[in-house]
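Residue numbering for the sequence shown follows the numbering used here, beginning at 294 and increasing consecutively. Built from N, CA and C at the ideal position, the CB exists for glycine as well. Inspection log for the structure reproduced underneath, given as C-alpha cells.
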Amino acid sequence: MPNPFFYGGRVNPEQFVGRRAELQRIFAGLEVAHTGQLQSFSVVGPRRIGKSALLFYITNKFAAYLMQPALYRIGYIELQDANCRTLGGMLEIILKQLGVGQLSGKKTPLVEFQDAIIELKARGVFPVVCLDEFEELTAHPDQFKPDLYDSWRYLINQEAITFITASKSPLIDLAQDRGPTSPFFNVFSHLPLGELTDDEARELIARGAECDRPFTSTEQSDALLLADKHPYKLQLVSSLLYQAKADNRVVDWAELRREFVTQLQSVGLEADMGRTLKQVGRPTKEGEPTESVTRRARFRTFSSVFAFALYALAIALMIYSRNAPNEQQWVVIIAAVFVLVGIVLTLISFGVIPINDSERTV
Numbered sequence: 294m295p296n297p298f299f300y301g302g303r304v305n306p307e308q309f310v311g312r313r314a315e316l317q318r319i320f321a322g323l324e325v326a327h328t329g330q331l332q333s334f335s336v337v338g339p340r341r342i343g344k345s346a347l348l349f350y351i352t353n354k355f356a357a358y359l360m361q362p363a364l365y366r367i368g369y370i371e372l373q374d375a376n377c378r379t380l381g382g383m384l385e386i387i388l389k390q391l392g393v394g395q396l397s398g399k400k401t402p403l404v405e406f407q408d409a410i411i412e413l414k415a416r417g418v419f420p421v422v423c424l425d426e427f428e429e430l431t432a433h434p435d436q437f438k439p440d441l442y443d444s445w446r447y448l449i450n451q452e453a454i455t456f457i458t459a460s461k462s463p464l465i466d467l468a469q470d471r472g473p474t475s476p477f478f479n480v481f482s483h484l485p486l487g488e489l490t491d492d493e494a495r496e497l498i499a500r501g502a503e504c505d506r507p508f509t510s511t512e513q514s515d516a517l518l519l520a521d522k523h524p525y526k527l528q529l530v531s532s533l534l535y536q537a538k539a540d541n542r543v544v545d546w547a548e549l550r551r552e553f554v555t556q557l558q559s560v561g562l563e564a565d566m567g568r569t570l571k572q573v574g575r576p577t578k579e580g581e582p583t584e585s586v587t588r589r590a591r592f593r594t595f596s597s598v599f600a601f602a603l604y605a606l607a608i609a610l611m612i613y614s615r616n617a618p619n620e621q622q623w624v625v626i627i628a629a630v631f632v633l634v635g636i637v638l639t640l641i642s643f644g645v646i647p648i649n650d651s652e653r654t655v
C-alpha cells in the first residue's frame, strides 16, 4: 500500500479532508446559478494552507454537491503554467478546460473568449473558472491589461460566468499595487482560508489508523500535538510517521522531529518549537515513544494533591486515636496505610516511580 499521506504538492481529490464550511459556502453560492445570481469567490490564505487543493477538489467533485451538475462547466487553471504567460494562451487554456475548444484566430483572443462564454450562457450552461495563483496575472500587466478585467466584469454583469480565485493577498490589494483598480476586483466574496478545525485535523490524522502500518492512538495524539491543525504540517508529520513505521521499525521520535523541522524550513514554514521540543513524547533508549507529556503532567499533579490529602487524613486519625478514651488500633492501621499510599503518590509526582513502561530506564 502506498503512503496515504502526501505533502509534496497539491493533494489528490480522493485524499482531500475537511474544509466543510468553505465548501458549503462556495457551493451555496454556485447553487443559485439557475436564478441568475452567480457569485464569485476570492480564496485568500498563506502559502501551503491548501488553496490549490480546495480549488482542484471543487473542480473534480462538484457533481457531489450541486443539485443539477450537468448545467455546470467547471475548469481549473494553474496560472503558473507556461501556457498561461500570454493573454491568448491563458484564454485558450480556460476554454479547453470548459470544453469549448480552441481560439480560431479570426478575432482578437479576448473577443473570441467573450463570444464563447456568451454562447455557453445561451445554451443554458454555467461556466465556473477556478484561477489558482492569481498573483501571476497582476504581476504581468504587460500581458494582462485592464481590457481583460473589463471584459470579465462585463461577462459577470451578463450573468454568464463566475470565478473562484486563489491568492495569498486579497484581490483588491493585488490590483491596487499595479495602479487604478478595475471594477472586476470588487465583485468577489472574500473567503479567508486558515487552519483546519479540531475535528478535521483529527479526521486527517485518523486516516493513519486504517492504513497497512496503523497508527496507535498515542501516535495519533503525538502527531497532532506536533503539527497542530495546519494541513501541510499534518500531512508531513503523518507521512514521516508512516515511513518510520516501515518494516515494523520502532519510531524514533527524536529523529522524526528533526526531519519534520527540516522539511518545514525547506518550504519556508516555521515549526512551533514549543510543540516540537516539549509536548511530543520523547523516545526511550530503544527509541519507543512515550505517552504525551501533557497527560503525564496531569496525572502527577493529581498524585501530588491526593498524597497531601492522605497525609492530612493520617494526621487527623492519629490525633483522634490519642484523644480517644479507648485504644483504637484500627485507626492507627488505617493512618499507616494512608501514609504508605501517600509516599507512593509523592514518588510518582516527583518522577521517581515511572508512570508507564516507556519511562523506565535500562
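Rounded to whole angstroms, what is the Cα-Cα separation between residue i and residue j?
i: residue 337; j: residue 344; result: 8 Å
i: residue 582; j: residue 487; result: Legend: pLDDT at residue 582 = 42, less than 50; position of this residue unreliable, no value from coordinates given.
i: residue 373; j: residue 426; result: 7 Å
i: residue 400; j: residue 444; result: 15 Å
i: residue 375; j: residue 429; result: 11 Å
i: residue 419; j: residue 317; result: 19 Å
i: residue 504; j: residue 297; result: 7 Å
i: residue 536; j: residue 330; result: 48 Å
i: residue 237; j: residue 322; result: Since the displayed the chain opens at 294 and closes at 655, residue 237 lies outside it and no answer follows.
i: residue 324; j: residue 545; result: 49 Å
i: residue 474; j: residue 468; result: 6 Å
i: residue 506; j: residue 538; result: 6 Å
i: residue 398; j: residue 382; result: 12 Å
i: residue 308; j: residue 389; result: 26 Å
i: residue 405; j: residue 523; result: 42 Å
i: residue 305; j: residue 332; result: 26 Å
i: residue 310; j: residue 492; result: 10 Å
i: residue 653; j: residue 554; result: The predicted model places residue 653 with a pLDDT of 41, which falls under 50 and marks its position as unreliable; any figure quoted below should be read in that light. Roughly 28 Å separates the two Cα atoms.
i: residue 455; j: residue 449; result: 6 Å
i: residue 552; j: residue 342; result: 20 Å
i: residue 295; j: residue 301; result: 14 Å
i: residue 628; j: residue 547; result: 45 Å
i: residue 576; j: residue 378; result: Reliability of the predicted coordinates at residue 576 is poor, the pLDDT of 45 falling under 50, and no value is obtained from them.
i: residue 584; j: residue 623; result: Note that residue 584 scores 42 on pLDDT, short of 50, meaning its location in the model is unreliable; the coordinates nonetheless yield the value given after this. Cα to Cα, residue 584 sits roughly 40 Å from residue 623.
i: residue 558; j: residue 604; result: 51 Å
i: residue 494; j: residue 595; result: 29 Å
i: residue 564; j: residue 407; result: 46 Å
i: residue 630; j: residue 602; result: 13 Å
For a quick check, are the C-beta atoms of residue i and residue j less than 8 Å apart?
i: residue 349; j: residue 303; result: yes
i: residue 334; j: residue 528; result: no
i: residue 380; j: residue 441; result: yes
i: residue 513; j: residue 520; result: no
i: residue 413; j: residue 396; result: no
i: residue 508; j: residue 534; result: yes
i: residue 453; j: residue 387; result: no
i: residue 446; j: residue 476; result: yes
i: residue 600; j: residue 638; result: yes
i: residue 315; j: residue 484; result: yes
Could you name the residues that DSSP lists as bridge partners for residue i?
i: residue 447; result: Note: residue 447 sits in no beta bridge, so no partner.
i: residue 483; result: 335
i: residue 459; result: 336
i: residue 421; result: 367, 455
Using CA atoms only, rank isn't needed, just tell me which of the options is closest to residue i.
i: residue 358; options: 320, 385, 444, 333; result: 320
i: residue 496; options: 517, 484, 483; result: 517
i: residue 511; options: 523, 531, 310; result: 531
i: residue 394; options: 403, 409, 404; result: 409
i: residue 460; options: 346, 439, 446, 500; result: 346
i: residue 597; options: 539, 630, 634; result: 634
i: residue 403; options: 439, 594, 415, 371; result: 439
i: residue 339; options: 463, 469, 622, 594; result: 463
i: residue 561; options: 599, 433, 526, 470; result: 526
i: residue 434; options: 470, 406, 455; result: 470
i: residue 391; options: 415, 361, 365; result: 365
Spatial neighbours of residue i within its chain, please: CB distance less than 8 Å, with the 5 preceding and 5 following residues excluded, ordered by chain position.
i: residue 479; result: 465
i: residue 625; result: 610, 611, 614
i: residue 451; result: 411, 414
i: residue 436; result: 378, 379, 380
i: residue 636; result: 600
i: residue 481; result: 333, 334, 335, 456, 458, 464
Got a sec? Which residues, its chain only, sit under 6 Å from residue i by beta carbon, not counting five neighbours each side?
i: residue 423; result: 348, 352, 369, 457
i: residue 632; result: 607
i: residue 367; result: 352, 355, 421
i: residue 556; result: 529
Tell me which residues share the same chain as residue i and place their Cβ nearer than 7 Å to its Cβ, disregarding the 5 neighbours each side in the sequence.
i: residue 360; result: 324
i: residue 616; result: none
i: residue 498; result: 513, 516, 517, 527, 531
i: residue 362; result: 355, 356
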